[in-house]
Structure formats: C-alpha cells, structure tokens
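Heads up: the structure comes next, in structure tokens.
Structure (structure tokens):
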C-alpha cells in the first residue's frame, strides 16, 4: 500500500478565532439594536428535557441534538460528558460528544448579539452560566430558545423548567460569569448565521477527525458560502480522502491549486491522490510545484517526489 503523505489541514486555535471580542452590554445593545436582528424570536418547538441532579450538561446537549434531528437521550450522553468528581460536565467533553454524533460543534463569539442572531436564525444555543457569585459559583448549562427586545427578556430551557423567562440583563450577568461560552450543534448541512470561514473551518476540521462523512457534507455546505477559502477546500479534500473517494479529493485539491497556486500543501495533496489513482505523470507535475514552493514540509514533498519517481 502506498504511504499517504497528505499535508494536514492547518486550523487556528479556536481561542484565536475569538480573540478581541468583547461582550456588548445590554443597555448598549438595546439602544443600538442591529437592523438585521428581529425584535423577538422564540423556538417553541425545541425539545425539552428536565435535568437530573448535577446533570444539566447531558440534558442541555441532548436538547440541542434532538433539535438537530437526532434521537438521543440525556442518559446516553451522561457517560461521555458528566464528570462525577466535578459534579458537572466540561466544555471540551460537550464538544467532543456532539462530534461523536456527527454534528459540528460551533463555538460562538462571546457577544450577546451573536447568540441572539443564532436564535433568530432558528438555532437553539447551548450556554454556560454561573447562577451564583464568582466566589461561590453554581455552574449551569441551559439552552437559549428565545428573546424579546421590548420586554427585555430571554427564554431558556433550564434545569427542570421549560421556557423559563429571565431578564436580558440577568442572563448577560450570569452568562458573563461563565465566560460568555456558547455553542451550537447543527446538522452538517447547516451553518451558523454568525460563522465566518475560519470559525466554520475550525469546527468542521475537528469533526473530520472523528466523523469524516458528515464533515464532508459540512465542508460542501461551507464552500457554497465561501467557495475560495483554502482551509475549506483542503478540508473537503482531506475528508474525501479519508472516505476513500480519491476522485472527489482530487477535485477539491485541484480547485485549491487553481485559486491558491502558492499553496504548496494543496499541490502535495493533489500529487498524492493523482499518484494513488495511477496518474503518475500528472502527479509528478503536481509534486514539482510543491517542491518549488517549499515551506516547512519541504522534506515531506521531496520524499513523495522520490516515491512517484521510483514507482
């Protein structure tokens, strides 16, 4: 079997993607309400699951997954996300659990406007709150399903209460104590309303490592919005390659080389899939481009060039 020398998909850390964002105070949001944001929204069809003691994480995540069309219960998720020693769930486990079920886990910008925009777009949002004081925290996951500008309220599936109303200011305070953390788990064919190419690429790339098939669907959808983005093109090729679809991988990598002719990784990956399809001459031409461009993975490109030459 020919050894794969595909260059890895380079994705910035999620924290970098959110760097510099500052939560917009409620009063400022109310006085400068974004024109594209409806005055109210309510996702009344969002499933509700009452939490068991200390298990708000599995319950909230199951609600998100059911809203995305999965048939799953909190009890099935609890072993994956609930940490008994902490009597709660860690955020990283919440994201990984979503990916295990084939859903990209999108982290939202830590801004009130962002979570309201997602609700307005029909996306329930998983939020993390501290319902007490910073010095004596009561950590809590809830699902934001609505808001009303005129009344100054939000609506959450929270704890044992469905459609709990909370003032917008109280929500912002408790959410701020939780670090303004918010997450979406959407079907692969849907994208967050507030996503950009970088944040979408980060989320889909993380999914790709566990579930390449739904990742391929998510990449295809993202490329409809950002057709020339290099990371998305490379990701589409990588997920197709992982699924054994060399023709689709070739199409994705070739598109990347056409739009980004200085992307050495794209030329390298194109050479790899051409070679594996028996297209030796075309593969040799592609790897020449990669080695001419060079970069930190030049040695890998040169090794593939030798393999193609000696085949």
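In UniProt numbering, the protein residues as written are 1 to 311. Where is the CB? At the ideal position from N, CA and C, for every residue including glycine.
ask   = Alpha carbon to alpha carbon, how far is residue 240 from residue 259?
value = Numbered from its first residue, the chain shown carries residue 240 at position 240. Numbered from its first residue, the chain shown carries residue 259 at position 259. Whole-angstrom Cα-Cα distance: 19 angstroms.
ask   = residue 99: buried (16+ other C-beta within 10 angstroms of its C-beta) or exposed?
value = Here the question's residue 99 lines up with position 99 in the chain shown. The residue is buried, with at least 16 neighbouring Cβ atoms inside 10 Å.
query = When DSSP labels each residue in this structure, what does residue 139 get in the three-state scheme?
reply = The residue given as residue 139 occupies position 139 in the chain shown. The answer is strand: DSSP assigns residue 139 an E or B state.
message = Using a Cβ distance threshold of 8 angstroms, determine whether the segment 41-60 contacts the segment 126-142, with at least three qualifying pairs required.
response = yes
task = Assuming residue 155 and residue 42 form a contact by the criterion Cβ under 8 angstroms, report the distance between their Cβ atoms to the nearest whole angstrom.
result = Your numbering for residue 155 matches position 155 in the chain shown. Your numbering for residue 42 matches position 42 in the chain shown. That belief holds up - the Cβ atoms of residue 155 and residue 42 are roughly 6 angstroms apart, short of 8 angstroms.
ask   = If you check the beta carbons only, do residue 188 and residue 218 fall under 8 angstroms apart?
value = Numbered from 1 along the chain shown, position 188 holds the residue referred to as residue 188. Numbered from 1 along the chain shown, position 218 holds the residue referred to as residue 218. In contact: residue 188 and residue 218 (Cβ atoms closer than 8 angstroms).
query = Within 7 angstroms: the Cβ of residue 106 and any heavy atom of the ligand COA?
reply = The ligand COA is absent from the structure shown, which contains no ligand whatsoever.
task = Tell me, please, which residues DSSP counts as bridged to residue 148.
result = The residue labelled residue 148 in the question sits at position 148 within the chain shown. Answer is 40, 153, bridged to residue 148.
key: Three-state class that DSSP yields for residue 294 in the structure shown   = Numbered from 1 along the chain shown, position 294 holds the residue referred to as residue 294. Three-state DSSP puts residue 294 in coil, outside helix and strand.
ask   = Is the segment 204-218 touching the segment 163-178 in the sense that three or more CB pairs, one from each, lie closer than 8 angstroms?
value = no
key: Under the three-state DSSP convention, the category residue 107 falls into   = Against the chain shown, residue 107 aligns to sequence position 107. Here residue 107 sits in strand by DSSP.
query = Looking only at C-alpha atoms, which of 255, 152, 231, 230 sits nearest to residue 116?
reply = Looking up residue 116 in the chain shown gives position 116. With distances taken between Cα atoms, residue 116 lies closest to 152.
key: Helix, strand or coil at residue 162 according to DSSP, with G and I counted as helix   = The residue given as residue 162 occupies position 162 in the chain shown. Residue state, collapsed to three classes: strand.
key: Alpha-carbon to alpha-carbon, residue 136 and residue 226   = Taking the first residue of the chain shown as position 1, residue 226 is located at position 226. Taking the first residue of the chain shown as position 1, residue 136 is located at position 136. Answer to the nearest angstrom: the Cα atoms are 44 angstroms apart.
Chain-order list of residues whose beta-carbon lies under 6 angstroms from that of residue 253 (same chain, five-residue window excluded) = Residue numbering aside, residue 253 sits at position 253 when the chain shown is read from its first letter. 237, 266, 269, 270, listed in sequence order.
ask   = Got a sec? Which residues, its chain only, sit under 7 angstroms from residue 146 by beta carbon, not counting five neighbours each side?
value = Taking the chain shown and counting its residues from 1, one reaches residue 146 at position 146. For residue 146, where only same-chain residues beyond five positions count, the Cβ hits under 7 angstroms are 41, 42, 43, 119, 154, 155.
message = Assuming the contact rule is C-beta atoms closer than 8 angstroms, residue 47 and residue 74 should be a hit. Round their C-beta distance to whole Å, please.
response = Against the chain shown, residue 47 aligns to sequence position 47. Against the chain shown, residue 74 aligns to sequence position 74. About 11 angstroms separates the two Cβ atoms, so there is no contact after all.
Local Cβ density within 10 Å of residue 50, reported as buried at 16 or more and exposed below that = Residue mapping note: residue 50 aligns to position 50 of the chain shown, counting from 1. That one is exposed.
key: Buried/exposed call for residue 216, threshold 16 Cβ in 10 Å   = Against the chain shown, residue 216 aligns to sequence position 216. Result: buried.
task = Starting from residue 129, follow the beta strand (DSSP E) in both directions and report where the run begins and ends.
result = Here residue 129 refers to the residue found at position 129 of the chain shown. Start and end: 125-130.
task = Determine the direct distance from the alpha carbon of residue 106 to that of residue 301, and round the result to whole angstroms.
result = To locate residue 301, count along the chain shown from 1; it is residue 301. To locate residue 106, count along the chain shown from 1; it is residue 106. Roughly 33 angstroms between the two C-alpha positions.
ask   = Which residues mark the beginning and the end of the alpha helix (DSSP H) in which residue 246 is found?
value = In the chain shown, residue 246 corresponds to position 246, counting from 1. Start and end: 246-259.
task = Within 10 angstroms of the Cβ of residue 102, are there 16 or more other Cβ atoms? Answer buried if so, exposed if not.
result = Position 102 of the chain shown, counted from the first residue, corresponds to residue 102. Result: buried.
ask   = Are residue 256 and residue 234 touching if we call contact CB-CB under 8 angstroms?
value = Walking along the chain shown from the start, residue 256 turns up at place 256. Walking along the chain shown from the start, residue 234 turns up at place 234. Result yes, Cβ atoms of residue 256 and residue 234 sit closer than 8 angstroms.
query = Quick one: what's got a C-beta closer than 6 angstroms to residue 22's C-beta in the same chain, skipping five residues either side?
reply = Looking up residue 22 in the chain shown gives position 22. Per-residue confidence for residue 22 stands at a pLDDT of 42, beneath the threshold of 50, marking its modelled position as unreliable; the derived number appears in the next sentence. Once the five neighbours on either side are set aside, residue 22 has no close Cβ partner at all.
query = In three-state DSSP terms, what is residue 78?
reply = As a working mapping, residue 78 is identified with position 78 in the chain shown. Of the three classes helix, strand and coil, the one that applies to residue 78 here is helix, per DSSP.
request  = Find out if the Cβ-Cβ distance for the pair residue 194, residue 108 is shorter than 8 angstroms.
outcome  = By one-based count along the chain shown, residue 194 stands at place 194. By one-based count along the chain shown, residue 108 stands at place 108. Yes. Within cutoff.
Pair within 8 angstroms by beta-carbon distance, residue 78 and residue 55 = Along the chain shown, read from residue 1 onward, the residue named residue 78 stands at position 78. Along the chain shown, read from residue 1 onward, the residue named residue 55 stands at position 55. Yes; because the gap between Cβ atoms is below 8 angstroms, this pair is in contact.
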